[in-house]
Amino acid sequence: MRLPRFPILPPWRGLPLAAVCALYLFAGLTGHDPWKNDDALHFGIAWELYRGGDWLVPQLAGAPWLDTPPLYYWIAALCGHLFGPLLPLHDAIRLASGLCGALFLALLAFAGRLLHKSSQTKKIGEIGELEDDTRRRTGNAAPLIAIGCLGLLLPIHDTQPFIALLAASAVAYGGFALLPLRPMAGGSLAGLGIGLGFLAGGTLALAHLLPLLLLLPLNRHWRTPTALRGLLITLLLAALLCAAWPLLLASQRPDAYALWLERMLASLRYQSDWWRNLPDFAKLLAWFAWPALPLALWALWLNRRHLGHPAIALPLIGTLTSFGILLLFGEPRPTLQALPLLVPLILQAASSAHLLRRGAANAFDWFGMMTFSFFALLIWLGGSALSFGLPEKIARNAARIAPGYSHEFSLLAFALAVVLSLVWFWLICTSPRSAWRGISHWAAGVALMWTLLITLWLPWVDYGKSYRSVAESLQQALPQEKDAGCIAQRDLGLPQRISFDYFVGIRPRAADSADGQDCPLLLIQGTAAGGRIPQGADWQQRWEGRRPSDRNERFWLYQRIPHTQAAQAAQAQK
């Protein structure tokens, strides 16, 4: 099998690699409000901790939140305390995703280097013909492939606890790769990764990582007495870390422990008709794991006669395990459940991505350059329409999507977008021919596209996705009398409740609870087709609102009127 006719140079390293990773990670983490759904939801949990909530049992809108263990929320609340004096609180809390994302990319490179170090001097397809120094540096391809994965783009820029799970999974895979060489260090890292993964993602982490302890000994490299001792260390440390929080919860809050146990068992719901979901999962992974999936498949084909080697076997076992868990216990729509699958896929892809055939490598490189240059042009057209009203048709469409939006031109953001665009065209025109060029261009293209969106479109997107305007409008509609009393709510979603509380301090009570039944005000969430509107003449509508870009979601505020006024209103209607 011939090598491609490219110089086998290592991918970006040092300052260029750090610059691309930083640009990708931190663009869009700040400068906008908590957005509808997951961003606002998980921000609300961390906000409760920041305000002095229970660090053992995270709270959401006054109720225990036990769907996700508290590790990420601890980090987010600490970020709020550290960076809150410098940034708006929601931005400071969201920095937790940037820090966990940076750890994830760095640990991916670490795990990739360890896998190639475990290759020693044996051939794996064509990998053995590389110099030792270059082979170690191929680990740098892993973070570039991760940046290019389309399914990671939005979660890593939200307030999202699964980003901490990804970082912990990268630690675990690095430990598994190190086990055959250094059992004590490898076992400690793997156990630490599994334990932290459980504290970040709960049973999802255990389902994806624990089976590796049973499957890896099937490979002779993990069946040696040395490696088995490392696996035992992994098991002991993982058990200790995983048991710490539940045991503390059981001793301090038995009621919360029982609720958590119930939620944990419910999350392991077996999909009896899993085979029917195969087409949906295939469609999901086709874009979600691009370009890691095709590159991983190429690596398997290239090394099909060496599948037992550690650098191939570990990611392969992890990928098959994660895909099986996703298929048997997951659902095709919630893409977050597929995030743990990216870690072994990326490591698999990084092992042989530089060995693409010349035609395939050129096609991949050309496709990336043309795709992101085209999208950059579209983003610039949208940015020009928002800033200068040209082209007029795009400006009218933007105004129709977000009615009432008034754009404020930012010279700094505009200059940054110009510089990034020039750097992109300089990069694609001057990059030397290399086996890594396609991966490098794809990662740079994703970083460019995302950063251009943030610099040119962020105020417009924030205007449509934030509940700030709705909350302020609702506050103005409230009665000014001091004895107006409490506000009850019906069908109000958790992200909306958090947003109203955070922006204007409105915390409604459940309408069917003892505290909410006698409230004179009732806040209802519904759709354009209507909501569960209160019946009878006792209620009078005071306000109706919605986010400017949402044509379906609606909010109504009703006020209970005295019985005599209600009777007069009913008589007037007759």
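When we follow this note's numbering, the leftmost residue of the sequence shown carries the number 31, and every step to the right adds one.
Glycine included, every Cβ here is placed at the ideal spot set by N, Cα and C.
Beta-carbon within less than 7 angstroms of A473's beta-carbon, same chain only, minus the 5 sequence neighbours each way: which residues are those?
The beta carbon of A473 sits closer than 7 angstroms to the beta carbons of V50, L174, I177 and G178 from its chain, once the five residues preceding and following it are set aside; these are given in chain order.
Grab the span of the alpha helix (DSSP H) containing E422 for me, first residue to last.
Here the alpha helix (DSSP H) through E422 covers E422 to I431.
Local conformation of G561 per DSSP, three classes:
Secondary structure of G561 (DSSP, three-state): coil.
Within 7 angstroms, strictly: CB atoms of G217 and I263
Contact annotation: G217 and I263 have beta-carbon atoms nearer than 7 angstroms.
Nearest to G523 (by Cα), restricted to the options L90, A52 and I469
Nearest C-alpha to G523: L90.
State the Cα-Cα distance for the pair A428 and A415, rounded to the nearest angstrom.
Near 8 angstroms, if we compare the C-alpha coordinates of A415 and A428.
Could you give the C-beta distance for G413 and W487, rounded to a whole number, given that I count them as a contact under 8 angstroms?
The beta-carbon separation of G413 and W487, rounded to 6 angstroms, stays under the 8 angstroms limit for a contact.
Can you tell me which residues form a DSSP beta bridge with W65?
For W65, which the question treats as bridged, DSSP gives the partners S496.
Spatial neighbours of M294 within its chain, please: C-beta separation below 7 angstroms, excluding the five flanking residues on both sides.
Closer than 7 angstroms at Cβ, skipping near neighbours: G232 and T233.
Could you pull the start and end residues of the alpha helix (DSSP H) that A274 belongs to?
First-last of the alpha helix (DSSP H) with A274: P255 to Q282.
Taking 7 angstroms as the limit between beta carbons, can you name the residues of its chain near F113, skipping five residues before and five after?
Closer than 7 angstroms at the Cβ level, and outside the excluded window around F113, lie A122 and L125.
Relative to the alpha-carbon of F134, which residue among L385, E361 and P374 has its alpha-carbon at the smallest distance?
The candidate whose alpha carbon is nearest that of F134 is P374.
Which stretch, first to last residue, makes up the beta strand (DSSP E) that contains L585?
According to the sequence shown, residue 585 is Phe rather than Leu. Unbroken beta strand (DSSP E) run through F585: E583 to R590.
Span of the beta strand (DSSP E), counted from its first residue to its last, around Q519:
Per DSSP, the continuous beta strand (DSSP E) segment holding Q519 begins and ends at I517 to R520.
Is it the case that the Cβ atoms of L79 and P525 are separated by a distance below 7 angstroms?
Cβ distance not < 7 angstroms, so L79 and P525 don't count as in contact.
Quick one: give me the first and last residue of the alpha helix (DSSP H) that W331 is part of.
Run containing W331: A322 to L332, per the alpha helix (DSSP H) assignment.
Which residues in the same chain as S461 place their Cβ atom closer than 6 angstroms to its Cβ, once the five residues preceding and following it in sequence are excluded?
Cβ contact annotation for S461 (same chain, cutoff 6 angstroms, sequence separation greater than five): R467, in chain order.
Return the chain-ordered list of same chain residues with a C-beta closer than 8 angstroms to the C-beta of Y287, the five sequence neighbours on each side being excluded.
Residues P276, L279 and A280 of the same chain have their beta carbon placed closer than 8 angstroms to that of Y287, with the five preceding and five following residues left out of the count.
Beta carbon of L478 nearer than 7 angstroms to that of I409
Remark: C-beta atoms of L478 and I409 do not approach each other more closely than 7 angstroms.
Own chain residues within Cβ distance below 7 angstroms of R283, not counting five before or after:
Annotation for R283: L86 and V87 place their beta carbon closer than 7 angstroms to its own, counting only its chain and skipping 5 residues before and after.
Only counting the same chain, and skipping five residues up and downstream in sequence, which positions put a Cβ closer than 6 angstroms to that of R527?
Contacts found: A91.
Beta-ladder partner(s) of Q89, from DSSP
According to DSSP, Q89 bridges with P94.
Whole alpha helix (DSSP H) elements within the stretch 413-484, 4-residue minimum:
Secondary structure in the stretch 413-484: the alpha helix (DSSP H) runs of 4 residues or longer, each lying completely within the stretch, are 422-431 and 441-460 in chain order.
Among residues of its own chain, excluding the 5 on either side of F439, which ones have a beta-carbon nearer than 6 angstroms to its beta-carbon?
Residues S417 of the same chain have their beta carbon placed closer than 6 angstroms to that of F439, with the five preceding and five following residues left out of the count.
Tell me whether the stretch 93-105 and the stretch 185-204 touch, counting them as touching only if at least three CB pairs, one residue from each stretch, are closer than 8 angstroms.
Yes, the stretch 93-105 is in contact with the stretch 185-204.
Opposite I536 in the DSSP bridges: which residues?
Bridge partners of I536 according to DSSP: none are assigned.
Close-in-space but distant-in-sequence residues of the same chain around F533 (CB under 6 angstroms, 5 per side omitted):
Shown here for F533: same chain residues with a beta carbon closer than 6 angstroms to its own, the five before and five after excluded, namely R498 and A501 in chain order.
Out of G204, L129 and L209, which has the shortest C-alpha to C-alpha gap to F140?
Closest option to F140, Cα to Cα, is G204.
Take L59 as the anchor and find which of A132, D97 and G83 has the nearest alpha-carbon.
Residue A132 is the option with its Cα nearest to L59.
So, at 6 angstroms on beta carbons, what are the nonlocal neighbours of A447 in its own chain, with the 5 sequence-adjacent residues on each side left out?
Counting only residues of its own chain and dropping the five nearest sequence neighbours on each side, A447 has a CB closer than 6 angstroms to the CB of L482, T485 and L486.
So, at 6 angstroms on beta carbons, what are the nonlocal neighbours of R537 in its own chain, with the 5 sequence-adjacent residues on each side left out?
Excluding residues up to 5 positions away in sequence, D531 lie with their Cβ nearer than 6 angstroms to the Cβ of R537 in the same chain.
R581 versus E422 - alpha carbon distance
Rounded to whole angstroms, R581 to E422 spans 23 angstroms at the Cα level.
Should S302 go down as buried or exposed, given a rule of 16 or more other Cβ atoms within 10 Å for buried?
Counting C-beta atoms within 10 angstroms of its own C-beta, S302 has fewer than 16 neighbours from the protein chains shown and is therefore classed as exposed.
Rounded separation between R143 and G169 - CA only:
R143 and G169: Cα-Cα distance of roughly 4 angstroms.
Please classify E574: does DSSP put it in a helix, a strand, or coil?
Taken through DSSP and simplified to helix, strand or coil, E574 comes out as strand.
Same chain only: Cβ atoms within 7 angstroms of R590, ignoring 5 sequence neighbours per side:
Here the set comprises P550, D568 and W569.
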